[in-house]
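First up is the structure itself, then whatever we jot down about it.
Protein chains in written order, with my numbering: chain Z, 678 to 1004; chain L, 4 to 152.
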């Protein structure tokens, strides 16, 4: 087994952009091997297309941030792929086995999304994962998915001109698992199921202009909303700092969607650690979920969590605390 | 000044459609930055050497070439990064589909031998718009790139 890890840094790295990494490492990945891009905290400005590779279930592409280089749930705080060209997505994927972890994605050019796909991805054997990502201010849907098996968890998708997530049909259709995401202040729907099989659990959609959810879902359990489109008994939970979700900030352009102690999203979700299709165990900050789970990307923790051996702890408002110093 | 990172080899895939659509081919511009960009050690032979490595051990040999074009803002090179979204008859494909990884190419094989030797030995070459113009063309019909004008 060979894990090839290359660093993406503004200086001192193997590559200075994720796009160049994708070109330079493009190859056939054998079973048991992985190709990994380790992204450090800076603003990368060239959108990437992931295509031309051969991947398999145990030989996949992983693009991730180390915990110290990762966003704190708010914009501009970690490695970020911020692109502006018309029709240029931040990440456009055409490969079957790809994992994205802890990235910030913004695509402001007309028609562009944070994540989109091209090509024809198998509807039955693929495994695309988007985890703990922050997707914002895209000119189209934050995440647009149409083909293959796509798993999205612990993501905050906010302030996009369009849907937060669009579930549609590209070339083959697919099956999508949307677990513990927070989708707010998008100008169309939070989650728009137009086509394909969609399983949604433990999500919160709030303050989306048209509605929070729309379409026929295969599964929609414990999906909360600020309007009446969520799961019964999980509706009308305000997108607010002073009621309902009790987010840290809902100021447009600088939302901090970590929840407060009084949040109606706290302790009311299902434990998905044993989910048969897509088990998850952590939240957007990497905090291990325990006890009664919270709805959305954030699992509330008190500031005291961290332990004596921790090099830093991440407070629930998204900031990091290093040895008593809050950063 | 604009600095272009050019792919200097042909990647291949066993699926011919995926090979054309997804694989980088020789002469593709991968990224473009303003003058003074700090390149990664796998992208730049000079950076690799500056990091204390030997020139002979650079993993980007025959894979990468950096072309520097003084006086050209990187914004003018963005079109070189676009994929070809029309077929070779110029007919646009459906939304979201790509025909070829890049619409334009830099004809490395056609440049004078002395320049190719410099690219091979240094990993980079500084040129001008007028000098490079004849070597940047649209793949489907050979039309000359005029985006720098």
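From the three backbone atoms N, C-alpha and C, an ideal C-beta is built for every residue, glycine too.
Practice task
Identify the contact partners of residue 917 of chain Z in chain L, using a Cβ-Cβ distance below 8 Å as the criterion.
Solution key: The premise fails here: residue 917 of chain Z is roughly 36 Å from chain L at the closest Cβ pair, so nothing lies under 8 Å.
Exercise for the section: Using a Cβ cut-off of 7 Å (strictly closer), state whether residue 790 of chain Z contacts chain L. Expected result: no
Exercise for the section: For residue 964 of chain Z, name the three-state secondary structure that DSSP assigns. Expected result: coil
Handout entry: Residue-chain proximity (residue 27 of chain L, chain Z), Cβ-Cβ < 7 Å
Key = yes
Practice task
Using a Cβ cut-off of 7 Å (strictly closer), state whether residue 127 of chain L contacts chain Z.
Solution key: no
Practice task
Could you check what DSSP says for residue 124 of chain L in three-state terms: helix, strand or coil?
Solution key: helix
Problem - Whole beta strand (DSSP E) elements within the segment 83-121 of chain L, 3-residue minimum - result: 107-109
Practice task
With 9 Å as the limit, tell me which residues of the segment 714-747 of chain Z have their beta carbon closer than that to any beta carbon of chain C; keep them in chain order.
Solution key: In the structure shown, chain C does not exist; the protein chains are Z and L.
Practice task
Taking residue 829 of chain Z as part of the beta strand (DSSP E), name the residues at either end of that continuous run.
Solution key: 824-830
Practice task
Determine the direct distance from the alpha carbon of residue 935 of chain Z to that of residue 1002 of chain Z, and round the result to whole angstroms.
Solution key: Confidence is the limiting factor: at residue 1002 of chain Z the pLDDT is only 47, short of 50, which leaves the residue's position unreliable and the question unanswerable from this model.
Practice task
Tell me whether residue 824 of chain Z is buried or exposed, calling it buried when 16 or more other Cβ atoms sit within 10 Å of its Cβ.
Solution key: buried
Practice task
Could you tell me which chain L residues have their CB closer than 7 Å to the CB of residue 856 of chain Z, listed as they occur along the chain?
Solution key: Under the 7 Å cutoff, chain L gives no residues; its nearest Cβ is about 25 Å from residue 856 of chain Z.
Handout entry: As assigned by DSSP and simplified to three states, the class of residue 51 of chain L
Key = helix
Problem - Where residue 696 of chain Z meets chain L, residues with beta-carbon distance less than 7 Å - result: 33 and 34
Handout entry: Contacts that residue 14 of chain L makes with chain Z (C-beta to C-beta distance below 7 Å)
Key = 703 and 729
Practice task
Work out the CA separation of residue 67 of chain L and residue 38 of chain L for me, nearest whole Å.
Solution key: 18 Å
Exercise for the section: Answer yes or no: does any C-beta atom of chain Z fall closer than 7 Å to that of residue 141 of chain L? Expected result: no
Practice task
State yes or no: is the beta carbon of residue 866 of chain Z nearer than 7 Å to at least one beta carbon in chain L?
Solution key: no
Practice task
In angstroms with no decimal places, state the Cα-to-Cα distance between residue 743 of chain Z and residue 758 of chain Z.
Solution key: 15 Å
Problem - Cβ-based burial, residue 20 of chain L [other Cβ within 10 Å; buried from 16] - result: exposed
Problem - Three-state secondary structure assigned by DSSP to residue 739 of chain Z - result: strand
Practice task
Consider the Cβ of residue 839 of chain Z: report whether some Cβ of chain L lies at a distance smaller than 7 Å.
Solution key: no
Handout entry: Proximal residues to residue 152 of chain L (C-beta, below 6 Å), its chain only, five neighbours per side dropped
Key = none
Handout entry: residue 957 of chain Z vs residue 830 of chain Z beta-carbon contact at 7 Å
Key = yes
Problem - Proximal residues to residue 79 of chain L (C-beta, below 8 Å), its chain only, five neighbours per side dropped - result: 5, 150 and 151
Practice task
Following the continuous beta strand (DSSP E) through residue 949 of chain Z, name the residue where it begins and the one where it ends.
Solution key: Looking at the DSSP string, residue 949 of chain Z is not in any beta strand (DSSP E), and its letter there is neither H nor E.
Exercise for the section: Evaluate contact between the segment 113-127 of chain L and the segment 53-70 of chain L, counting only Cβ atoms and requiring at least three cross-stretch pairs below 8 Å. Expected result: yes
Exercise for the section: Mind listing the chain L neighbours of residue 691 of chain Z? Cutoff is C-beta to C-beta under 7 Å, in chain order. Expected result: 43, 44 and 45
Problem - Contact list for the segment 87-101 of chain L against chain Z, Cβ threshold 7 Å - result: 99, 100 and 101
Problem - Per-residue DSSP class, three states only, for residue 721 of chain Z - result: strand
Exercise for the section: Have a look at Z:798, Z:767 and Z:765 and flag the residue whose alpha-carbon is nearest the alpha-carbon of residue 774 of chain Z. Expected result: Z:798
Exercise for the section: Determine the chain L residues that contact residue 793 of chain Z at a beta-carbon separation under 7 Å, and present them in chain order. Expected result: 99
Exercise for the section: Output yes if chain Z places a C-beta closer than 7 Å to the C-beta of residue 109 of chain L; else output no. Expected result: no
Problem - Span separating the alpha-carbon of residue 56 of chain L from that of residue 34 of chain L - result: 24 Å
Problem - Proximity test, Cβ basis, 7 Å: residue 8 of chain L and chain Z - result: yes
Exercise for the section: Go to residue 805 of chain Z, then tell me how far its beta strand (DSSP E) extends in each direction, as first and last residue. Expected result: 804-808
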